[in-house]
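Engineer:
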Amino acid sequence: MVSAVSCKLLAVPAAYTAGIFMEGTQMANIKKMIRKDGISYKITVSMGRTRDGKQQRHYKTFKPPQGTSESRADKLAAKEALQFEEELRLGYQPDNKITFAEYAEYFIKVRRKAGLKRSTYERYRGLLVRINAGIGHLKLIDIRPQHLNLFYDNLIEEGIRRTPAKASAKPAFGKQLAELGISMEEIGRRAHISASTIHKARDGGIILWSKAEAIASAMDRPVEMLFIKSTDDSPLSVKTVLEHHRLIRTILGQAEKELLVQYNAASKATPPKALPPEVNSFQPQEITAILEALEEEPIKWRTIVHLMIVTGCRRGEIMGLKWENVDLESRMICVRETLLAVETGVYQDTPKTRESHRYINIPPETADLLREYHRSQSEIRTILGDRWEETGYVFTRENGLPMHPDSVNGWLSHFSERHGLPHINPHAFRHSMASILINSGTDILSISKRLGHANTSTTLNFYGHILQKADAQSAECIANVLLRKNPFPPQEPHDNV
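In terms of numbering that gives the first Met the number 0, the sequence shown has 253 at position 254, counting the first letter as 1, and numbering is strictly consecutive.
1) Could you tell me the alpha carbon to alpha carbon distance between G203 and L290, rounded to whole angstroms?
2) On the three-state DSSP scale, how would you describe L339?
3) With distances taken Cα to Cα, identify the nearest neighbour of M402 among E316, Y151 and T310.
4) Under 8 angstroms by Cβ, that's how I've got V345 and S209 pegged, so tell me the actual separation to the nearest angstrom.
5) For the alpha helix (DSSP H) containing G173, name the first residue and the last one.
6) Mind checking which residues open and close the alpha helix (DSSP H) that includes F394?
7) How many whole angstroms separate the CB atoms of S39 and K74, which I take to be in contact at a CB cut-off of 8 angstroms?
8) What do you reckon, are the CB atoms on V393 and W322 nearer than 9 angstroms?
9) Cutting at 7 angstroms between CB atoms, please list the residues of its own chain near E184, excluding the five before and the five after it.
10) Can you grab the Cα-Cα spacing for the pair G23 / D51, in whole Å?
11) From the DSSP output, in three-state form, read off S431 for me.
12) Look at the alpha carbon of S355 and the alpha carbon of H426, and state the distance between them as a whole number of angstroms.
13) Where does the unbroken beta strand (DSSP E) through T60 begin, and where does it stop?
14) Return helix, strand or coil for Y151, following the three-state DSSP convention.
15) Taking the CB atoms as reference points, tell me whether K169 and I227 lie closer together than 9 angstroms.
16) With a threshold of 16 other CB atoms inside 10 Å of the CB of P64, please say whether the residue is buried or exposed.
17) Quick one: residues in its chain with C-beta nearer than 7 angstroms to the C-beta of W550, no 5 flanking neighbours on either side, listed in chain order?
18) Would you report the Cα separation of P105 and T98, rounded to the nearest angstrom?
19) Looking at the secondary structure, which residues open and close the beta strand (DSSP E) in which V345 lies?
20) Does the beta-carbon distance from N148 to P270 come in below 9 angstroms?
21) Give the straight-line distance between the Cα atoms of R357 and R380, rounded to the nearest whole angstrom.
22) Based on the DSSP secondary-structure assignment, which residues constitute the bridge partners of K238?
23) For N398, which of V407, E388 and N454 has the nearest alpha-carbon?
24) Beta-carbon within less than 7 angstroms of N424's beta-carbon, same chain only, minus the 5 sequence neighbours each way: which residues are those?
25) Do N324 and C333 have their CB atoms nearer than 9 angstroms?
26) Flag this pair as touching only if the stretch 211-220 and the stretch 414-423 have three or more C-beta atom pairs under 8 angstroms; answer yes or no.
27) Name the two residues that bound the continuous beta strand (DSSP E) containing L207.
28) If you drop the 5 nearest sequence neighbours on each side, which residues of the same chain put their C-beta closer than 6 angstroms to that of S229?
29) Since N360 is in the alpha helix (DSSP H), which residue starts that stretch and which ends it?
30) State the CB to CB distance for the pair E69 and A27, rounded to an integer number of angstroms; the pair is presumed to be in contact (CB under 8 angstroms).
31) Hey, how far is the Cα of E294 from the Cα of T302?
32) Is H305 buried or exposed, if buried means 16 or more other CB atoms sit within 10 Å of its CB?
33) Could you give the distance in angstroms between the alpha-carbon of F390 and the alpha-carbon of R88?
34) Whose C-beta lies closer than 6 angstroms to the C-beta of E285 among residues of the same chain, with five residues either side of it excluded?
35) Considering only the alpha carbon of each residue, which of D326, R188, H146 and T287 lies closest to A265?
36) Per DSSP, which residues does C312 bridge with? Please list them.
Shown next as structure tokens:
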């Protein structure tokens with residue numbers, strides 16, 4: 000360490016302090032330090048008092064550019080002190096030492112108290128794992144756009160996911176469960192995991208490999224006999240990188256409002272450009288093939304998939320539907336709740352947006368199917384008696400408890416394999432319904448309301464290319480009627496009777 004050769008105090012020139020001095024604020028104190036490696040200045044401003052009455056001091060170190068003369072350096076230091084004092088007077092704290100990770104934790108707690116949805120809270124927590132690993136150690140005041148640009152570039156690199164290994168159950172898993180004759184609750188107790196995780200695995204859902212190992216150990220079976228292991232080292236998608244960017248921008252925006260930073264660095268950063276949203280939908284003939292294959296499936300799954308096809312509801316909205324929100328006489332369902340998944344199981348939440356709380360009309364065929372399913376569920380309830388857990392959900396496990404949303408994906412994957420159908424993503428039914436409505440001439444406002452979008456711009460953003468095709472057909476129709484000769488074929492003359 001290089002020791003100071005000499006130190007002396009400088010007064011800030013009056014020309015620099017005119018109009019700046021405040022009551023309770025001392026003029027900036029500048030300590031000039033001449034070292035072997037050059038000149039530096041320690042600026043101290045006393046402003047306000049702490050709760051215990053002590054004077055609150057703020058510090059800043061200024062080092063002039065190399066080669067600056069001593070007299071010029073003194074003037075630059077005085078100017079720097081003036082700016083430092085002005086920033087403090089305006090409420091900005093340019094000497095705060097809080098790191099991004101510390102402030103992010105404070106931000107999350109404040110938003111949670113203000114009513115942040117649990118699903119959003121869980122998503123924020125997940126995103127902050129990578130964010131804090133990348134920039135969490137940086138002080139808020141030191142974060143610059145280039146730091147964020149480098150972080151975004153790193154997220155797109157191969158292998159950045161570093162996600163834990165996942166497991167999917169083999170057909171042998173269900174057979175071994177049946178042969179053991181032990182309840183899933185008992186296996187869960189032995190494995191120290193939730194029974195819902197075992198239900199999820201059995202129904203085709205994806206679980207953590209570590210939990211698969213615990214289940215296999217509790218069943219006294221080799222894990223490779225029961226589960227297939229999978230890992231994902233692919234780069235993060237642009238959509239996921241942009242989710243990280245938006246959270247950073249929101250957190251730094253709050254810091255800017257609280258005058259902890261002079262500007263929001265994320266607003267000046269350059270994240271990757273968003274790609275056009277991918278709309279994966281089925282053609283009408285593919286929907287027909289799926290409906291025909293469903294006729295061979297259990298009534299519960301037939302009803303689940305049928306509802307997704309005709310309502311366009313999100314997976315969690317179907318799983319969160321309760322009988323009290325189904326009016327079979329009026330042929331209408333009300334979307335009030337959604338069922339979401341976390342590592343510890345499932346939980347009930349309000350729909351994604353205020354507009355997602357909506358009423359949806361259903362066809363007579365759908366109402367008839369729901370009646371048939373309700374009778375089937377009532378028979379199961381009667382057979383189980385006290386073992387039935389009354390939750391009010393339309394779609395439940397064998398004991399009445401809510402289903403895990405991921406079980407839908409697992410079942411559809413096996414369903415498509417059994418019937419030789421293409422891979423089925425539940426969300427594709429939602430896109431398919433929207434496409435059919437657009438091509439049939441339904442107005443965009445009605446489509447947006449049925450989908451539960453916050454506004455029509457969301458609908459236009461997702462389905463703009465389909466709307467363009469429909470508009471092109473409209474243009475042809477107008478041309479046929481108004482601009483082209485003989486738009487209608489000649490008709491045979493009628494005999495006068």
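Glycine included, each C-beta is placed from N, C-alpha and C at the ideal position.
Fair warning: this is a prediction, and the values are worked out from it, not measured in the lab.
Structural biologist: With the structure as the only source:
1) As a working note, residue 203 is residue 204 in the sequence shown. As a working note, residue 290 is residue 291 in the sequence shown. Using only the alpha carbons, I get a separation of about 21 angstroms.
2) Numbered from 1 along the sequence shown, position 340 holds the residue referred to as residue 339. In the structure shown, L339 adopts extended strand secondary structure according to DSSP, grouped into three states.
3) Indexing the sequence shown from 1 puts residue 402 at position 403. Taking the Cα of M402 as reference, the smallest distance to any Cα among E316, Y151 and T310 is reached at E316.
4) On the sequence shown, residue 345 is found 346 positions in, with the first residue counted as 1. On the sequence shown, residue 209 is found 210 positions in, with the first residue counted as 1. A Cβ-Cβ distance of about 20 angstroms is found for the pair V345 and S209, leaving them out of contact under the 8 angstroms criterion.
5) Walking along the sequence shown from the start, residue 173 turns up at place 174. Per DSSP, G173 is one residue of the alpha helix (DSSP H) stretching across P170 to L179.
6) On the sequence shown, position 395 is the one that residue 394 refers to. Premise fails: F394 is in no alpha helix (DSSP H) and is neither H nor E.
7) Reading the sequence shown from its first residue, position 40 is the one you call residue 39. Reading the sequence shown from its first residue, position 75 is the one you call residue 74. Rounded, the Cβ-Cβ distance is 15 angstroms, inconsistent with contact.
8) As a position in the sequence shown, residue 393 is number 394, starting the count at 1. As a position in the sequence shown, residue 322 is number 323, starting the count at 1. Yes; because the gap between Cβ atoms is below 9 angstroms, this pair is in contact.
9) Position 185 of the sequence shown, counting from 1, holds the residue named residue 184. Taking E184 as the centre and dropping the five residues before and after it, the same chain places the C-beta of A194 closer than 7 angstroms to its C-beta, in chain order.
10) Position 24 of the sequence shown, counted from the first residue, corresponds to residue 23. Position 52 of the sequence shown, counted from the first residue, corresponds to residue 51. Because G23 sits at a pLDDT of 45, beneath the cut-off of 50, its placement in the model cannot be relied upon, and the point is left open.
11) One-based indexing of the sequence shown puts residue 431 at position 432. DSSP places S431 in helix when its eight states are reduced to three.
12) Working through the sequence shown from its first residue, we reach residue 355 at position 356. Working through the sequence shown from its first residue, we reach residue 426 at position 427. Rounded to the nearest angstrom, the two C-alpha atoms are 15 angstroms apart.
13) In the sequence shown, residue 60 corresponds to position 61, counting from 1. That run of the beta strand (DSSP E) goes Q54 to F61.
14) Translated into the one-based positions of the sequence shown, residue 151 becomes position 152. Of the three classes helix, strand and coil, the one that applies to Y151 here is helix, per DSSP.
15) Here residue 169 corresponds to residue number 170 of the sequence shown, with the count starting at 1. Here residue 227 corresponds to residue number 228 of the sequence shown, with the count starting at 1. The beta carbons of K169 and I227 sit closer together than 9 angstroms.
16) Position 65 of the sequence shown, counted from the first residue, corresponds to residue 64. Taking all protein chains shown into account, P64 has fewer than 16 neighbouring C-beta atoms within 10 Å of its C-beta and is therefore exposed.
17) The question about residue 550 has no answer here: the residues shown for the chain are numbered 0 through 496.
18) Taking the sequence shown and counting its residues from 1, one reaches residue 105 at position 106. Taking the sequence shown and counting its residues from 1, one reaches residue 98 at position 99. Per the sequence presented here, residue 105 reads as Tyr, with Pro not at that position. A straight line joining the alpha-carbon of Y105 with that of T98 spans about 11 angstroms.
19) By one-based count along the sequence shown, residue 345 stands at place 346. That run of the beta strand (DSSP E) goes G344 to D348.
20) The residue given as residue 148 occupies position 149 in the sequence shown. The residue given as residue 270 occupies position 271 in the sequence shown. In this structure, P270 lies closer than 9 angstroms to N148 by Cβ.
21) Stepping through the sequence shown from its first residue, residue 357 is reached at position 358. Stepping through the sequence shown from its first residue, residue 380 is reached at position 381. Spanning the two alpha carbons is a distance of roughly 29 angstroms.
22) For the purposes of this step, residue 238 is identified with residue 239 of the sequence shown, where counting begins at 1. The secondary-structure analysis by DSSP pairs K238 with nothing; it has no beta-bridge partner.
23) Here residue 398 refers to the residue found at position 399 when the sequence shown is read from its first residue. Distances from the CA of N398 to each of V407, E388 and N454 were compared; the closest alpha carbon is that of E388.
24) The residue labelled residue 424 in the question sits at position 425 within the sequence shown. The residues N279, in chain order, have a CB closer than 7 angstroms to that of N424 in the same chain once the five nearest residues on each side in sequence are set aside.
25) Position 325 of the sequence shown, counted from the start, is the residue given in the question as residue 324. Position 334 of the sequence shown, counted from the start, is the residue given in the question as residue 333. Result yes, Cβ atoms of N324 and C333 sit closer than 9 angstroms.
26) Touching, no, given that fewer than three Cβ pairs across the two stretches are closer than 8 angstroms.
27) In the sequence shown, residue 207 corresponds to position 208, counting from 1. I205 to L207 is the extent of the beta strand (DSSP E) around L207.
28) The residue given as residue 229 occupies position 230 in the sequence shown. Cβ neighbours of S229 within its own chain (closer than 6 angstroms, five residues either side excluded): K165.
29) Sequence index remark: in the sequence shown, residue 360 carries index 361 (1-based). That residue, N360, is in no alpha helix (DSSP H); its beta strand (DSSP E) goes R357 to N360.
30) The residue labelled residue 69 in the question sits at position 70 within the sequence shown. The residue labelled residue 27 in the question sits at position 28 within the sequence shown. Between E69 and A27 a beta carbon distance of about 19 angstroms is seen, past the 8 angstroms cut, so the two are scored as non-contacting.
31) For the purposes of this step, residue 294 is taken as the residue at position 295 of the sequence shown. For the purposes of this step, residue 302 is taken as the residue at position 303 of the sequence shown. Straight-line Cα distance between these residues: approximately 10 angstroms.
32) To locate residue 305, count along the sequence shown from 1; it is residue 306. Counting Cβ neighbours within 10 Å, H305 comes out buried, since at least 16 surround it.
33) Within the sequence shown, residue 390 is the residue found at index 391, counting from 1. Within the sequence shown, residue 88 is the residue found at index 89, counting from 1. Per the sequence shown, residue 390 should be read as Thr rather than Phe. Between T390 and R88, the C-alpha separation is close to 58 angstroms.
34) Numbered from 1 along the sequence shown, position 286 holds the residue referred to as residue 285. Cβ neighbours of E285 within its own chain (closer than 6 angstroms, five residues either side excluded): none.
35) Residue numbering aside, residue 265 sits at position 266 when the sequence shown is read from its first letter. The shortest C-alpha separation from A265 is found at H146.
36) As a working note, residue 312 is residue 313 in the sequence shown. Beta-bridge pairing links C312 to no other residue.
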